[in-house]
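Working notes for the structure below.
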Amino acid sequence: MRYCIVGDTLVNTDKGLIKIKDIVPNSEENSDTPINIKVQSLNRNINSADMFFNSGKHKTIKIETEEGYEIEGSFNHPVLVWTTKNGKPIYQWKTLDEVKAGDYVVVSRINDIDSKEDLLTEEEAILLGSLVAEGYIDENKIGFSNTDEEFCSIFEESYLKNYEKSFYKYKRILKSGKTLTEYQISEVAVLEDIKEKGFNQKSGDKEIPQIVLSSSKKVQRKFLQALFEGDGSVYETTRALNISYSSKSKKLVKQLQILLLNFGIVSRIHKDRENYRLIISGYENIKLFKEEVGFISKKQEKLEKLFSKLYKKKTANSKTDFIPFIADYIREKYKDKGFNKWLGKHNIDKYSKVKKYWNILEKILDEEDKVLYEELLKNRYYFAKVKTVEFTGEKVVYSIRVNSSCHSFVANGIINHNTEARLTKLALEMLADIEKNTVDMRENFDATDFEPEVLPAKFPNLICNGTSGIAVGLSTNIPPHNFTEVAEALKYLAEFPDATVEELLQFIKGPDFPTGGILLTTQEELLQIYTEGRGSIKLKGKARIERLQGNRHRIVIYEIPYQVNKVDLIKKIAELVRKGKEKNISDLRDETDRTGIRIIIELKREADPEKVLKKLYRYTQLQKSIPINLTVLVDKQPKTLDLKSLLLEFIKHRVEVITRRTEYELKQAEDRRHIVEGLLKALENADNVINIVRNSQSVAKAKESLINEYNLSSVQAQSILDMRLSRFTALESDKLYKEKEELDKKIERYKKILSSDEEKIKIFIEEMDELIEKYGDERKTIVIEDKKDKLTFEENFILSVLSSGRIVNKRYINENEKAEIFQKVINKTISKAKPNEVLVSLQEIKSTTPITFITNNGNAYWSLVADLPKGEGKINIDDEVIVGTSFKGEGEEDRIFILTKNGIVKRMSYEDLFYKSQKHKIIPLAEGDEVVSAFSDDHPSLLGVYTKNGDLLVFERNQVRITGDKAKGVEAIDLDEGDEVKGGFILNSEEYILIITERGYSKLVKKEEFFTKDGKPKKRGQKGLMTVKLNKDDKLAVAIPVKEGDTLYISTQNGRILKLVVDKQKIPVSKRTNMGEQILKFEGDRIVKAIKPKVKI
-6 MRYCIVGDTL
4 VNTDKGLIKI
14 KDIVPNSEEN
24 SDTPINIKVQ
34 SLNRNINSAD
44 MFFNSGKHKT
54 IKIETEEGYE
64 IEGSFNHPVL
74 VWTTKNGKPI
84 YQWKTLDEVK
94 AGDYVVVSRI
104 NDIDSKEDLL
114 TEEEAILLGS
124 LVAEGYIDEN
134 KIGFSNTDEE
144 FCSIFEESYL
154 KNYEKSFYKY
164 KRILKSGKTL
174 TEYQISEVAV
184 LEDIKEKGFN
194 QKSGDKEIPQ
204 IVLSSSKKVQ
214 RKFLQALFEG
224 DGSVYETTRA
234 LNISYSSKSK
244 KLVKQLQILL
254 LNFGIVSRIH
264 KDRENYRLII
274 SGYENIKLFK
284 EEVGFISKKQ
294 EKLEKLFSKL
304 YKKKTANSKT
314 DFIPFIADYI
324 REKYKDKGFN
334 KWLGKHNIDK
344 YSKVKKYWNI
354 LEKILDEEDK
364 VLYEELLKNR
374 YYFAKVKTVE
384 FTGEKVVYSI
394 RVNSSCHSFV
404 ANGIINHNTE
414 ARLTKLALEM
424 LADIEKNTVD
434 MRENFDATDF
444 EPEVLPAKFP
454 NLICNGTSGI
464 AVGLSTNIPP
474 HNFTEVAEAL
484 KYLAEFPDAT
494 VEELLQFIKG
504 PDFPTGGILL
514 TTQEELLQIY
524 TEGRGSIKLK
534 GKARIERLQG
544 NRHRIVIYEI
554 PYQVNKVDLI
564 KKIAELVRKG
574 KEKNISDLRD
584 ETDRTGIRII
594 IELKREADPE
604 KVLKKLYRYT
614 QLQKSIPINL
624 TVLVDKQPKT
634 LDLKSLLLEF
644 IKHRVEVITR
654 RTEYELKQAE
664 DRRHIVEGLL
674 KALENADNVI
684 NIVRNSQSVA
694 KAKESLINEY
704 NLSSVQAQSI
714 LDMRLSRFTA
724 LESDKLYKEK
734 EELDKKIERY
744 KKILSSDEEK
754 IKIFIEEMDE
764 LIEKYGDERK
774 TIVIEDKKDK
784 LTFEENFILS
794 VLSSGRIVNK
804 RYINENEKAE
814 IFQKVINKTI
824 SKAKPNEVLV
834 SLQEIKSTTP
844 ITFITNNGNA
854 YWSLVADLPK
864 GEGKINIDDE
874 VIVGTSFKGE
884 GEEDRIFILT
894 KNGIVKRMSY
904 EDLFYKSQKH
914 KIIPLAEGDE
924 VVSAFSDDHP
934 SLLGVYTKNG
944 DLLVFERNQV
954 RITGDKAKGV
964 EAIDLDEGDE
974 VKGGFILNSE
984 EYILIITERG
994 YSKLVKKEEF
1004 FTKDGKPKKR
1014 GQKGLMTVKL
1024 NKDDKLAVAI
1034 PVKEGDTLYI
1044 STQNGRILKL
1054 VVDKQKIPVS
1064 KRTNMGEQIL
1074 KFEGDRIVKA
1084 IKPKVKI
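The numbering used here applies: residue -6 is where the sequence shown begins, and numbers increase by one.
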């Protein structure tokens, strides 16, 4: 399990005290990140931590000790406690939900690890300490004031050493007669630097700057000296000497308490009416403060004098700084060995006394107890008694992985256990509600614990992940299946229990293997297998044939069959070549990487690629048979089931889990309502209840009197006695009445569920829908009819591309499914688009098609669609994507146009994109220029180029000659000063040009309006014609040829994507010199781009 603590927890590292969330700043929830830091561990060891975990949101618990040390984390997070076993003191790991008030947690106060580097000087530390104690900051100035002239001089000196900037200094007499010196600093550079260093909060929100926490002890010491000189004090009580620090900020005082442990100093926190006070007391702690920290001015002299006085009194013992349980253990163990009198007389549970009497103790103790004491003396741990344990809601939690046998690290001073392993989200679904008595438990193998007989298993793991195994006279082989298909079948069967296997195969198309591949079977074969529970299927890997230059080919294998070893497959292909069974292969290599399988087989010039591939399927494991055997244990007995029976068993199991969970929740609610009813009765009779408790001689008597007086149960009476006096208020009464009302509703709901099978099935179906929403995915294995002549397989995809390089790429099986998948792709794209991301392409495309991504920096990247991420993903491109499409086959002779911001146009062959390296430059760009548009050539057609200031030039496309990728291109349009090209298009038979401005003004303009008076296009390189009358704060965003009924998708600056259908009833047909109508309105947003999807539906 993953053990985690909340983000502000301070971890002792070689980079200082770091909030655990800042070890990897701004990490994503449920992410793992490699790290390389050192941490302090158990027994003062220094170990490395190599992995950081952001575990997402979990329910959390906080424990706090009597001194104020606290740790907050997930229920299962372990901390080290000091306890006893059979009377002997031992260390033990306890999870936070197991820790109880009265337990002793282990606090480390010897810090053997120090920061490697300082991010500020000692003088800067003094300045920051002074400001945190006695300073303030706002937007325009920094202030500092104090009545100690020496301290003011130290502040002034440290300021001038750091900045050498001017400041204002004032003095005034207070009512007390003291002179207050005030400083004001208004230098902008100083203000920004101080804020950067972490001093930027109001008094109630102050904290120790991270730059101090991350520094070495020598820098931290200077900060503390100035801090305590400001808000600290030293004073003598009748019994002892105390040092205190006072602040309105709880966070600051908590951090200070942890920081002081770096110097071995234990302190406690006390809450005053308005402030939090940190108090240092006890001889050892005062001595350590005096020697290791101290004050920076006059208060240090006072401390020295009072300490000398204290030392003479020899009041060195502390009532809280001792080793619990050890004295009782030693005295009991050695009482009959002649040492009873000495042990009873002398203190043997305080570090200073144990050290003093060690020569005698060595003679008394056996070897085991000597080792125990020696370890205690070496580590000198402080044992802090837990005062409170409270639930704190749901928070994001974090952990690290420590490379050591103890797996421990010090955080907030307390010794914690790190993450050893993490359950996946699906594994947690398998365990969901196990704590609610949903399954039977049995003793484990050595009877030391209990384990579940089966898991609650909300997820149908057996059929989705499959299993295989063999025993004497018994075997099973259940292949994996697609979860979405299985869940839909389960929902259908739960509603219609008389459904047949054939009906279920509407949903379950066959096995679905994580490695993909192609399933060669028929519907009749699948029906037989799933009806009988046995059979065999044929599975083959996916390969494609690619044409290379020079009339050569290669075969690319990009998916291999389930459980086929890739290395063995390559060896087998090489063996065919070596033995002369296949003579047409010239090269074989493995280009597999983290993106997927890629085995390249280069063929000789004269080779027939289809014959070679056919031979590979026949003689290697590129095609294999997979047996299916649906044998499972039902009520501990082996049975071979058909598909329906297998699914019914899961439904039956889940209904039982839902029933037992509801019974548990009903009992919990009824028990709580019973207590609430008792508390309400007490609140209704508050005065009398208080009198009964006050006048009773004992707790037992008070409990008995309450039971008799108000006819309460023992549980109700005890809950009243446990209730704090502060809860006897009208507000608490209202809370309890509301709680009872909620409990009544819950109980009614639980009883309804338990009395109705229909309600249980309804819950089962809802749970399946939730799982589909979380984990549903597309089928990876394609099912096709077994056609022996079909060697390669073309898959159909709907692909959207965003300018950031993020894509949504979903497969569809047939034309009937295309519209549904298209809608899923566009919906997912719309929901995922972020600010400054625009939709640049939306198309249907085949897996064997090369696709080219052209970027603003003039680079072209190409890939086969089959090699792109499936579902959602990102292509590995750092530039802004201008277009991502297959230009091949879209226009005449596979040529494309490229337009740049500075008005350059280039026409080139598609071959110059594809048969180069997968990334290369396709247009040299002048400084400050960039590509803004790229699109296919076509015939007969005209070329349109439009600018942001609203000009459009239409000219004959053949005025741009075809050039290679090294050519710079030619001038497309004569730009006005300050204008730039926004985009371009090919104009064919479309009747209108749709004009849309950034502010949403839109209109349809007849294309003839952009020709000359004699009806001909203008010439390349001329000025454009006005497209729209623009407001001062508006620019042209889109000019695109359209016809009635065309669909466009419009992208805005803030990441919105909207659908627009061309309709002359809604979009006005207007002259090019008119403004148009604002049919698209976006508050605080602007239109950036529009595209036409290349999908036929």
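Glycine is no exception: its CB is placed at the ideal position from the N, C-alpha and C atoms. Because the structure is a prediction, the values reported are computed rather than measured.
Since residue i is in the alpha helix (DSSP H), which residue starts that stretch and which ends it?
{"i": "ARG653", "result": "636 to 677"}
{"i": "ALA464", "result": "Careful: ALA464 lies outside any alpha helix (DSSP H), inside the beta strand (DSSP E) at 460 to 464."}
{"i": "VAL560", "result": "559 to 571"}
{"i": "ASN960", "result": "Here residue 960 is Ala; the residue named in the question, Asn, does not match the sequence. Premise fails: ALA960 is in no alpha helix (DSSP H) and is neither H nor E."}
Out of the options, which has the shortest C-alpha to C-alpha gap to residue i?
{"i": "LYS326", "options": "GLY80, ASP442, SER146, ARG954", "result": "GLY80"}
{"i": "SER707", "options": "LYS696, ASP715, LEU234", "result": "LYS696"}
{"i": "VAL605", "options": "HIS410, ASP586, ARG591, VAL570", "result": "VAL570"}
{"i": "GLU658", "options": "LYS597, LYS739, PHE506", "result": "LYS739"}
{"i": "LYS1036", "options": "LYS1028, GLU984, ILE1060", "result": "GLU984"}
{"i": "HIS646", "options": "GLU595, ILE1080, THR585, LYS753", "result": "LYS753"}
{"i": "LEU519", "options": "ASP505, LEU498, ILE538, PRO507", "result": "LEU498"}
{"i": "GLY971", "options": "ILE915, LYS894, VAL924, PHE978", "result": "LYS894"}
{"i": "LYS1057", "options": "GLN1015, LEU997, SER401", "result": "LEU997"}
{"i": "SER716", "options": "VAL686, LYS694, GLU735", "result": "In the sequence as displayed, the identity of residue 716 is Met instead of Ser. Measuring from the Cα of MET716, the nearest candidate turns out to be VAL686."}
Take the Cβ of residue i as the centre, count every other Cβ of all protein chains shown within 10 Å, and call the residue buried at 16 or more, exposed below.
{"i": "THR1045", "result": "buried"}
{"i": "GLY95", "result": "exposed"}
{"i": "ASP491", "result": "exposed"}
{"i": "PHE384", "result": "exposed"}
{"i": "ALA826", "result": "buried"}
Quick check: the Cα distance between residue i and residue j, rounded to an integer number of angstroms?
{"i": "PRO1034", "j": "PRO843", "result": "26 angstroms"}
{"i": "ASN688", "j": "LEU705", "result": "19 angstroms"}
{"i": "LYS780", "j": "VAL557", "result": "Note that LYS780 scores 46 on pLDDT, short of 50, meaning its location in the model is unreliable; the coordinates nonetheless yield the value given after this. Approximately 22 angstroms between the Cα atoms of the pair."}
{"i": "LYS211", "j": "VAL801", "result": "54 angstroms"}
{"i": "GLU810", "j": "VAL72", "result": "55 angstroms"}
{"i": "VAL125", "j": "LEU220", "result": "7 angstroms"}
{"i": "GLN816", "j": "GLU787", "result": "22 angstroms"}
{"i": "PRO453", "j": "LEU835", "result": "36 angstroms"}
{"i": "GLU444", "j": "TYR62", "result": "35 angstroms"}
{"i": "GLU702", "j": "PHE438", "result": "51 angstroms"}
{"i": "ARG772", "j": "PRO82", "result": "58 angstroms"}
{"i": "SER240", "j": "GLN203", "result": "18 angstroms"}
{"i": "ASP1039", "j": "VAL1054", "result": "6 angstroms"}
{"i": "ASN820", "j": "LYS1085", "result": "16 angstroms"}
{"i": "GLY9", "j": "VAL92", "result": "28 angstroms"}
{"i": "LYS451", "j": "ASP433", "result": "16 angstroms"}
Looking at the C-beta of residue i, does it have a partner C-beta in chain C at a distance below 8 angstroms?
{"i": "LEU606", "result": "You won't find chain C in this structure, because it holds only one protein chain."}
Going by the DSSP bridge assignment, what does residue i pair with across the sheet?
{"i": "GLN616", "result": "LYS533"}
{"i": "GLY877", "result": "PHE846"}
{"i": "MET1019", "result": "ASP944"}
{"i": "ASN470", "result": "SER461, ASN622"}
{"i": "TRP335", "result": "Note: TRP335 sits in no beta bridge, so no partner."}
{"i": "ASN139", "result": "THR174"}
{"i": "HIS263", "result": "ARG270"}
{"i": "MET901", "result": "ILE889, THR956"}
Considering just the uninterrupted stretch of the beta strand (DSSP E) at residue i, what are its terminal residues?
{"i": "THR822", "result": "Run containing THR822: none in the beta strand (DSSP E); it sits in the alpha helix (DSSP H), 808 to 825."}
{"i": "PHE46", "result": "39 to 58"}
{"i": "GLY66", "result": "63 to 67"}
{"i": "ILE130", "result": "128 to 130"}
{"i": "GLU513", "result": "The amino acid at residue 513 is misidentified as Glu; the sequence shows Leu. Per DSSP, LEU513 belongs to the beta strand (DSSP E) from 511 to 513."}
{"i": "LYS632", "result": "630 to 633"}
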